[in-house]
Amino acid sequence: MNDLSVNGRTRRVDADPSTPLLYVLRDDLGLHAAKFGCGLGQCGACTVLIDDRPAFSCVVPVAACAGRAVTTVEGLGTAEAPGDVQRAFIHEQAAQCGYCIPGMIARAEAMLRRTTTPTEDEMRDAMRPSLCRCGTHMRILRAVRRAAVARGGGVIDAAEPVQ
Amino acid sequence: MSEATRRDLLAGAGLFVFFALAGSSVAQSGEDGEEPPEIAPGLPGDLTKFPLLDSWIRIAPDGGATVFTGKAELGQGIRTALIQLAADELDVALADVTLVTADTHRSPNEGLTAGSHSMDKSGAAIANAAANVRLRLAEAAAARWGVQATALFTRDGEVRHPDGRALGYGELAGGLSLHVPARKDVPRKRQEGRRLIGRSVPRVDIPGKLTGAPAYVHDMVLPGMLHARVVRGIAEGTRLVAPDLDAAARLPGVERVVRRGRFAALLGPREWPLIQALRQLQRGRWEATRALPTGDVAATLRSMRSEDSMLVERLDSPGLRPARTLAAAYTRPWLMHGAIGPSCAVALFRDGAMTVWTHTQGVNPLRDALAELLRLPPERVRCIHAEGAGCYGHNGADDVAADAALAAMGVPGRAVKLTWTREQEHGWEPLGPAQLVELSGAVDPGGRIARWRHAVWSNTHLTRPKAAGDLLAGLEIDPPFVPTPPRPIPQPEGGGDRNAIPLYQLPNIAVEHHFLPDMPLRVSALRSLGAHMNVFAIESFADELALAAGRDPVRVRLAHLADARAREVIARGAARFGWSGYRRATLRGAGMGFARYKNIGGYCAVFLDVEVVRETGRTIVHRAVAAIDSGEAVNPDGIRNQVEGGIVQSLSWTGLERVDFDGRHRRAYDWSVYPIARFDEVPRAIEVEVIDRPGQPFLGTGEASQGPTAAALANAVHAATGLRLRDMPISPEAIRDALAR
Amino acid sequence: MPATVPVSSTQPVTKRFATRRRHLFGWALLALVAGLVLFLLWAHRPAIAEVAPPSRRAFDPADVARGRNLALVGNCVSCHQAPHGRPYAGGYGVVSPFGTIYGTNITPDPDTGIGRWSEAAFARSMREGVSRDGHHLYPAFPYDHYQRTTDADLRALYAFLMTRDPVRAEPRANDMPLPFKFRPFIAGWKLLFVRDERHRPDPRRSAEWNRGAYLGEGLAHCGGCHTPRGLLGAEKRDRAYDGGWSAGWYAPPMNARSPAVRAWTVERMEQYLRTGLSLSHAAAAGPMGAVAANLSRADPRDVRALSVYYAWWMRDAGAARREPRLIDRAAAAARAHPAGAALFAGACATCHEPGAPMMVEGRPALPLGSPLHEDHADDTVNIILHGLEPPVGRAGPYMPAYKDALTDAQVAAIVRYMRIRYGSGSEWPDLEDTVAKARERTAE
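So the sequence lines, in the order shown, correspond to chains A, B and C. Residue 32 in our numbering sits at position 44 of the first sequence, with consecutive numbering throughout. Residue 666 in our numbering sits at position 621 of the second sequence, with consecutive numbering throughout. Residue 59 in our numbering sits at position 34 of the third sequence, with consecutive numbering throughout.
Laid out in C-alpha cells, this is it:
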C-alpha cells in the first residue's frame, strides 16, 4: 500500500512499490495528462513535478514518492480555470497532436518555479529533455516566454518577442 | 437491422437513383485507396460519393447539429476547421456543433485521412451540405409562414422573418427529412456573412488536452478492461526463438496469454507486471529472419529490380544550345515516423461483433483487413477513430489495432487496451522509404533552364492495410495471410514520384519513375511521401543551375513559373524574408525552396537564414520565413501551425535523421539511437505568411512545407559554406567533415 | 651584519636585547623585501611583441590538418569553449581547489583572442606556461604535459588555431581568493613541480608505444586526471596513473591498480576512445565523454597508439591477468537493501535489466563498468544524478538525469544496493554526503 500526495491530496494506492509513478497516475488515479511515450526517460511525455522539480514519472517508482509532493498538470488548472502556464499555451495555440504538451507544461512550470528570468538558451536547455515530433517547438517556447511574463519575469534575449 | 446495414441499403438505393444520371461511376484508387464510387459527380468534395445530406448533418430537437466526417483528427486541427465550416454555413454557434469523426458505422466512408485532402474532400462536402441544410430549413420555415424563403434569414440556430418571427432549427428539423440529396450550386455564405470561416478560431480540443481530459485512445477506460502487450522480436527482421509463454503466463499480473500461431499477447489488469513479463520474454534468444542491405542508399536502390515508367517526356526545343550542363544525384535514407506516443488500440469482442477504437488513418480499409484477419463478416467489425499521438503517415496504428483485436477475441466480453512499447514502435513501424534522385540539366546562354531530366528510384509509399496480410499479426497467425503486392500510386498523387514533375515551365523535360517492388525494409507513407525527396532534389538542382548561370535563385524560379499563385507565394516569402537585401557573411547564408504539393495542392515557399559552426558542423537556423497559399483559409492560425510544424519536422528529418540497420535488423530501438531535433536545435524564429483566397478551393496544408524546407536547408548551407550536400541527412558531422577537407 | 653593541654601558641588558631584536627584525624585513624583489625579477617573463594577425593563406594546409588532429588529441576545445559558447572562444570554468579558472579565448581574434600572437609566443605558452605579455598561466592549462610537444607539432597547432574563425569574446575573470591571484607565485610552483621534460622515445618499445607515450604524456595529458595530486595541486610523479579527480569525477587508476573487471586490451581501449563505448566496459562518462568526442575524429593511428600505451600501463591489472566471473547477487542485495531493490526495479531495471531494449541490443551490463568497482562512489553517484549524453555525435548511450526525481537518501539506497548486487569492494561510507556534494556540481 502506498500513500502518495498528488495535487495536494493524499491518495492511497495498492501497487507494487517498484511500479513507476506514471502507471499509478494514469491507471489507479485516473490522471491522464502524463503520457506514456517511451518508458525509458528519453522523451518527457510523462513529466510531472515532484517537490517542484521536473521528473520522468516513467522511471520514478512510487516507492520514491512517499512523503513528497507530486503535481500533475491536472493540479495546475482545469479547462474551465486553466493555470497561467496552461493559459499561455492555449493563447499561443501551442499544440498540434497535443500528446507531448502536458509534459511540456509540467517542465515549464518546474523551470518557472526556479526562475522566471531565464535566458533564451537556459529556457531551451530546461525544455530540452522533452521531445516533440509535430514540430510545435516554436509555439511551446512562445508559451513559456508568455508564462514567464505572466509570472512577473521574462525571458532574457528572447529569440521571438512575446506578442 | 443495424444502423450500418440500413445506411448501406439506402446508399445503395441512392446509387441506383444516381447511376442513370451520373453515367459510369469512377472508383478512386489513389493514395486514398479503394473508395466508394462517385455517384453524384459535380457536387463538392465527397458529396459526390455520399450525396444525401443526413450522411453529413443531423439536427436534433434541441437544435444541436451533429456533423459527420469520414476524416480523423490527427493533430492537424481538422476537427476545429470542420466545425467552423459547419457552424458558419449552418448559422449555429460553434458550441452547438458536435463533430463525429471516422467511424465505420456512423460516418461516410471517406477513405484515408491522408494526402492533405481532408479540407477539399470533407471540408468542401460539409460546407456545402451545411449550406444545403440551412436552405432547406429556411424553406421549411417559409412553407410554414407562407412566404418566400428568400425573404428569410438565419441567425444563431433560428430561421427569422424580418418581422420578428423565428423558428428554431430543432423545431423545424422535426418535420424535415434530410435524407435527400444535396443540390448543386447552393451558394456558400458570402464573405460578409462569415463569422468563423477565415478566423483563427482557437482549437476546440486544446484546452482539454492541456488540462488532463481523456483525449487519446491511450486514455480510454472501459469497465473490466484488461491491459495488454504484444510479444514480438525487438525489431522487424527478428523474432524470438521459442519464447517461454507458459512461464510468462505464470508470472504475477499476467491473467491471460492469447496465442494464435506465432502471435502472442500478454493480458492483465495492470500494466507494470505485463511490462516486466514482456522484458522477461525478451531475454530469450532471438533470430534474424532476413538479410538487410548494408551498402549506401544509392548503391542499394540502383541494384534492385525496377518497374520503369516515364511520367513526362517533352522535347519542345531540341535545338537549344546549353551554356552549362550539370548532373547530380541526391539521396534520402529510411526515415522513421517516430510518433511520441507509441501506437495503441482498444478492442472489445462481444456478442460476435468486434469494436476497435483506433488511431488509424483509415477506419474503413482497416475494418476490411480486420474482418479478414478475424474471419468475421465486415458488418460485424466496427472501427472507431480515437486520437493517437501524431502519426505523420502509416505508422503502427493499424498493426496494433490488429494486435488488440486478436487479444480481445481471446477474452470475449472484456475490453483490451494494447499499447506498443517504444522499441516496438521504433522497430516495427513502416518507415519512410529511402530514395535516390538523379538529375541532369542545362542552362542556356540567357540563363534559362534549357533541359531537365529527373529520375527517381523508390519503393512504394503505400502499404496501408487492404487485407489481413498487410498487418503484422496477419503474418504471425496460423495459417498466415499474404501481403498485398505493392503498386505505385498513379499521378498526379504519386508515391515515390510525388512532386517529381516540377511546376516550372521547362522546354525539354523528362521525368522517369523507377518503382522498386522489393522492400528490404518495411515501408509505407510518411508525410508528404515522395515530395520530401523530389522537392529536395529539384529545388537543390534548380539552385545549382541558377548559380552555375550566375543568376539569383529566386529570379530563376520566377522566370520559369507562369502560375500566378506560385509566383506570389515566392515573391511574398522573399519580401518578408528580405531576400534581396540579405547580405551573407562568413559561414552564414540564406537559401530557399518552393513547391506546389503534388502540383495540385498547397503552394509553399520557405526561406532560411542559416549559420554554420565550423568546428561542430552545427547549423543554427536564425530565421525561417514561409509563405503558404492553401486556397480558402478556414482557420489561418491552423494553417500557420501546420507550416511551422512542417518546417521544424523537415529540418529534423533532413538535417539529422537516418534509420540505422545492420545486415539483420533495424538498430534504431529508442530515441537515444534515433535522435530527433530538440529545443536547442530548432530555429530561433519562424514566421509564416498565410495567403487567404476566400472562395477558392481548399488545397490542403499538412504536407506542403516539408519538401521546400529540405531544399532550403541544402541551399542555405551551400550559401553559407560553399558546400553542396546532396545526401540526407545534412548532418553536423557531414558538414563538419566536409568543411575540414 | 648587525652592529656590535658595547657590552659595557649604562643601558640595562633587556633593553640591549630589545634593540638587537629590532635590528634583527629590520634586517629580516630587508632580506624579505630583497628576496621578494629578487623573486619578482626572477619570476618576470618578458612580453613577446605582438604581430599583425596572420592571414589564413599564410599557413600550409598540411600543417593545419596536422594541427587539427593534435588539437583533438589535446582536447583543447573542452576547456576553451563555454556552454552555448563558440569553439575555442573560452569561457569554460575549471573548478580547482584554488578557485575557478576560466579558459581563455584562443581563436585568432586580434583583440580578445590570440590573433596577435606570434608562433614563438604560442610555443612559449605551451612549453613554459607564460602568456604573450609575460604573465604566468595557471597550471589548469597543463603545460607541464604540453611542454613535451615537438617544435613541428607546435607549429601545426599554431597553424590550426590561427586558421579558426575569430570570435570576439572577452575572457572571463578568474574566480579565486586573493593570494592565488598573485600570478608570480606560479613561477614558484613551476620551480617546485615542473621538470623540464622533452619526449625521449624508449628504444625498447615499439614505434606505436612511443607515439602513444608521446601523446599520452604530452598533449593528451591523461595523467592530468588519472594521477593523484598533492596539496598544492601538482601531480605526484611517483604515483603515476594511480587515479585522480576531475570536476568531481574520479578518474580511476590506469596502471596495475585499475579496478576494471575486464581487461583493457588495445582493441577495447580503441573502441572506447573512438566511439565513447566499450562493449566490455561501459560508456564514456563525465569528462571522458568530451575526450571520446574529440578522439572519435582524431587520426585512428594516434588513437591506437594511445591505446597501445595505456594497455601497456594496465598490463598487470587484475583483469589483465584474469577476468573475474561476474555474479549477480540479486537476492543478497535485496535482503540487505530492500528499499534500494524496489527503487532499482522501478527506476533502473527498465533499461538495465537483461530483457530491456538496449540490453538486447548489446549494451554492456552494469557490472562490467568500472564505477561499481572503484574505491569511490562518486562516478556512480554522478551518473545517476546527472545522467549521460551520447559521447560521440547525437546518437549513442544516453541516460536520463535522476537528480530531480530522487532524494539523496534514495540515490544512496540504490547505490548501496548496486554495490552489493553488481560491484566489488567494501561498502562506500558516507554515501548521503557524497550524493549531496555531487548534486551541487553541474553535469559534465
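Note that CB positions come from ideal geometry on N, CA and C, so glycine has one too. All of these numbers come straight from a predicted model, not from anything done at the bench.
Practice problem: Would you mind reading off the limits of the alpha helix (DSSP H) that contains D563 of chain B? | Solution: To locate residue 563 of chain B, count along the second sequence from 1; it is residue 518. From DSSP, D563 of chain B is part of no alpha helix (DSSP H); its letter is neither H nor E.
Self-check item: Alpha-carbon spacing of A276 of chain C relative to C250 of chain C, whole angstroms
Solution: Your numbering for residue 276 of chain C matches position 251 in the third sequence. Your numbering for residue 250 of chain C matches position 225 in the third sequence. Whole-angstrom Cα-Cα distance: 6 Å.
Practice problem: Put K462 of chain C into one of helix, strand or coil per three-state DSSP. | Solution: Counting from one through the third sequence, the residue named residue 462 of chain C turns up at place 437. DSSP places K462 of chain C in helix when its eight states are reduced to three.
Quiz item: What is the DSSP secondary structure of F369 of chain C, reduced to helix, strand or coil?
Solution: As a first step, residue 369 of chain C must be located in the third sequence, where it is residue number 344. In this structure, F369 of chain C counts as helix in the three-state DSSP scheme.
Practice problem: Spell out whether any CB of chain C is found under 7 Å from the CB atom of S118 of chain A. | Solution: Counting from 1 along the first sequence, the entry for residue 118 of chain A is found at position 130. Answer no: the Cβ-Cβ gap between S118 of chain A and chain C never drops below 7 Å.
Quiz item: With DSSP run on the structure shown, which of helix, strand or coil describes R102 of chain A?
Solution: Along the first sequence, read from residue 1 onward, the residue named residue 102 of chain A stands at position 114. Note: R102 of chain A maps to helix in three-state DSSP.
Quiz item: Should G472 of chain B be flagged as near chain A, meaning a C-beta pair shorter than 7 Å?
Solution: Counted from its first residue, the second sequence places residue 472 of chain B at position 427. It does not: the Cβ of G472 of chain B has no partner Cβ on chain A nearer than 7 Å.
Quiz item: Could you give the distance in angstroms between the alpha-carbon of A358 of chain C and the alpha-carbon of H20 of chain A?
Solution: Here residue 358 of chain C refers to the residue found at position 333 when the third sequence is read from its first residue. Here residue 20 of chain A refers to the residue found at position 32 when the first sequence is read from its first residue. Per the coordinates, the alpha-carbon of A358 of chain C lies some 35 Å from the alpha-carbon of H20 of chain A.
Exercise. Could I get the ranges of all uninterrupted alpha helix (DSSP H) runs contained in the stretch 284 to 350 of chain C, with 4 residues as the minimum, in chain order?
Key: 291 to 300, 312 to 320, 325 to 338, 343 to 346, all fully within the stretch 284 to 350 of chain C.
Self-check item: Three-state secondary structure assigned by DSSP to G708 of chain B
Solution: Taking the first residue of the second sequence as 1, we reach residue 708 of chain B at position 663. In the structure shown, the three-state DSSP call for G708 of chain B is coil.
Exercise. Output yes if chain A places a C-beta closer than 7 Å to the C-beta of C101 of chain C; else output no.
Key: Against the third sequence, residue 101 of chain C aligns to sequence position 76. Output row for C101 of chain C: interface = no.
Quiz item: On the three-state DSSP scale, how would you describe H125 of chain A?
Solution: For the purposes of this step, residue 125 of chain A is taken as the residue at position 137 of the first sequence. Taken through DSSP and simplified to helix, strand or coil, H125 of chain A comes out as helix.
Self-check item: Reduced DSSP category for G249 of chain C - H, G, I as helix; E, B as strand; rest coil
Solution: Along the third sequence, one-based indexing puts residue 249 of chain C at 224. The three-state secondary structure of G249 of chain C, taken from DSSP, is helix.
Exercise. Rounded to whole angstroms, what's the CA-CA distance from F743 of chain B to N440 of chain B? Just pull it up for me.
Key: Mapped onto the second sequence, residue 743 of chain B falls at position 698. Mapped onto the second sequence, residue 440 of chain B falls at position 395. Looking at the backbone, the Cα of F743 of chain B and that of N440 of chain B are separated by about 26 Å.
Practice problem: Would you check if the distance between the CB atom of R324 of chain B and the CB atom of G380 of chain C is smaller than 7 Å? | Solution: For the purposes of this step, residue 324 of chain B is taken as residue 279 along the second sequence, with counting starting at 1. For the purposes of this step, residue 380 of chain C is taken as residue 355 along the third sequence, with counting starting at 1. Yes, Cβ-Cβ distance for R324 of chain B and G380 of chain C is below 7 Å.
Self-check item: Beta-carbon contacts of G118 of chain C that lie in its chain and below 6 Å, excluding the five residues immediately before and after
Solution: As a position in the third sequence, residue 118 of chain C is number 93, starting the count at 1. Around G118 of chain C: T125, Y127.
Quiz prompt | Segments assigned alpha helix (DSSP H), at least 4 residues, entirely inside the stretch 157 to 196 of chain C | solution = 168 to 171, 176 to 187, all fully within the stretch 157 to 196 of chain C.
Quiz prompt | Proximity test, Cβ basis, 7 Å: F64 of chain B and chain C | solution = Within the second sequence, residue 64 of chain B is the residue found at index 19, counting from 1. With a pLDDT of 32 at F64 of chain B, under the threshold of 50, the modelled position of that residue is not reliable, and the figure given next carries that caveat. In terms of beta-carbon proximity, F64 of chain B stays away from the interface with chain C, with every pair separated by 7 Å or more.
Quiz item: Which same chain residues, not among the five before or five after D555 of chain B, have their C-beta less than 6 Å away from its C-beta?
Solution: Along the second sequence, one-based indexing puts residue 555 of chain B at 510. The residue asked about is misnamed: residue 555 of chain B is Ala in this sequence, not Asp. Hits under 6 Å: E358, R498.
Quiz item: Taking C-beta to C-beta, are V401 of chain B and A390 of chain B nearer than 7 Å?
Solution: Here residue 401 of chain B is taken as the residue at index 356 of the second sequence, counted from 1. Here residue 390 of chain B is taken as the residue at index 345 of the second sequence, counted from 1. Result yes, Cβ atoms of V401 of chain B and A390 of chain B sit closer than 7 Å.
Quiz item: V71 of chain B: buried (16+ other C-beta within 10 angstroms of its C-beta) or exposed?
Solution: On the second sequence, position 26 is the one that residue 71 of chain B refers to. For V71 of chain B, the predicted model reports a pLDDT of 34, less than 50, meaning its position is unreliable; a value from the coordinates is still stated below. Answer is exposed; the Cβ neighbour count stays below 16.
Exercise. Give me the Cα-Cα distance between P226 of chain B and K116 of chain B, rounded to the nearest whole angstrom.
Key: Reading the second sequence from its first residue, position 181 is the one you call residue 226 of chain B. Reading the second sequence from its first residue, position 71 is the one you call residue 116 of chain B. Between P226 of chain B and K116 of chain B, the alpha-carbon positions lie close to 21 Å from each other.
Quiz item: So, using beta-carbon positions, are V142 of chain B and I128 of chain B closer together than 7 Å?
Solution: Mapped onto the second sequence, residue 142 of chain B falls at position 97. Mapped onto the second sequence, residue 128 of chain B falls at position 83. In contact: V142 of chain B and I128 of chain B (Cβ atoms closer than 7 Å).
Exercise. Measure from the alpha carbon of M381 of chain B to the alpha carbon of each residue in B:G329, B:Q406, B:E474, then state which is nearest.
Key: Residue mapping note: residue 381 of chain B aligns to position 336 of the second sequence, counting from 1. Answer by Cα proximity: B:E474.
Self-check item: Neighbouring residues, chain B, relative to E62 of chain A (Cβ below 8 Å)
Solution: Position 74 of the first sequence, counted from the start, is the residue given in the question as residue 62 of chain A. Within 8 Å Cβ-Cβ: T256, G257.
Exercise. Return the CA-CA distance between A452 of chain B and A245 of chain C, expressed in angstroms with no decimal places.
Key: Position 407 of the second sequence holds residue 452 of chain B. Position 220 of the third sequence holds residue 245 of chain C. The C-alpha of A245 of chain C is placed about 58 Å away from the C-alpha of A452 of chain B.
Quiz prompt | Contact set between the stretch 380 to 405 of chain B and chain C, restricted to residues whose Cβ is under 7 Å from the partner | solution = Residues of the stretch 380 to 405 of chain B with a C-beta less than 7 Å from any C-beta of chain C: none at all.
Practice problem: Note down, one range per segment and in chain order, each alpha helix (DSSP H) of at least 4 residues found wholly within the stretch 611 to 678 of chain B. | Solution: The qualifying runs do not exist here; there are none.
Quiz item: In chain A, which residues lie with their C-beta within 9 Å of the C-beta of H263 of chain B?
Solution: Here residue 263 of chain B is taken as the residue at index 218 of the second sequence, counted from 1. Chain A residues near H263 of chain B: R14, H20, K23, F24, Y87.
Practice problem: Could you check the C-alpha separation between R769 of chain B and A373 of chain B for me, to the nearest Å? | Solution: Taking the second sequence and counting its residues from 1, one reaches residue 769 of chain B at position 724. Taking the second sequence and counting its residues from 1, one reaches residue 373 of chain B at position 328. So the two alpha carbons sit approximately 10 Å from each other.
Exercise. Would you check if the distance between the CB atom of S351 of chain B and the CB atom of L484 of chain B is smaller than 7 Å?
Key: By one-based count along the second sequence, residue 351 of chain B stands at place 306. By one-based count along the second sequence, residue 484 of chain B stands at place 439. Between S351 of chain B and L484 of chain B, the gap from beta carbon to beta carbon reaches 7 Å or more.
Quiz prompt | Buried/exposed call for D2 of chain A, threshold 16 Cβ in 10 Å | solution = As a position in the first sequence, residue 2 of chain A is number 14, starting the count at 1. Exposed: under 16 other Cβ atoms inside 10 Å.
Quiz item: In chain A, which residues lie with their C-beta within 9 Å of the C-beta of R467 of chain B?
Solution: For this step, residue 467 of chain B is matched to residue 422 along the second sequence. The answer, in chain order, is F24, G25, C26, G27, L28, Q30, C31.
Quiz prompt | Coil, strand or helix - A3 of chain A by DSSP | solution = Looking up residue 3 of chain A in the first sequence gives position 15. A3 of chain A falls in the coil class under three-state DSSP.
Exercise. Kindly indicate which three-state DSSP category W274 of chain C falls into: helix, strand or coil?
Key: For the purposes of this step, residue 274 of chain C is taken as the residue at position 249 of the third sequence. If DSSP states are grouped into helix, strand and coil, W274 of chain C belongs with the strands.
Quiz item: Which of helix, strand or coil does DSSP assign to G68 of chain B?
Solution: In the second sequence, counting from the first residue as 1, residue 68 of chain B sits at position 23. Unreliable positioning characterises G68 of chain B in this predicted model, as indicated by a pLDDT of 32, which lies under 50. A coordinate reading is not provided.
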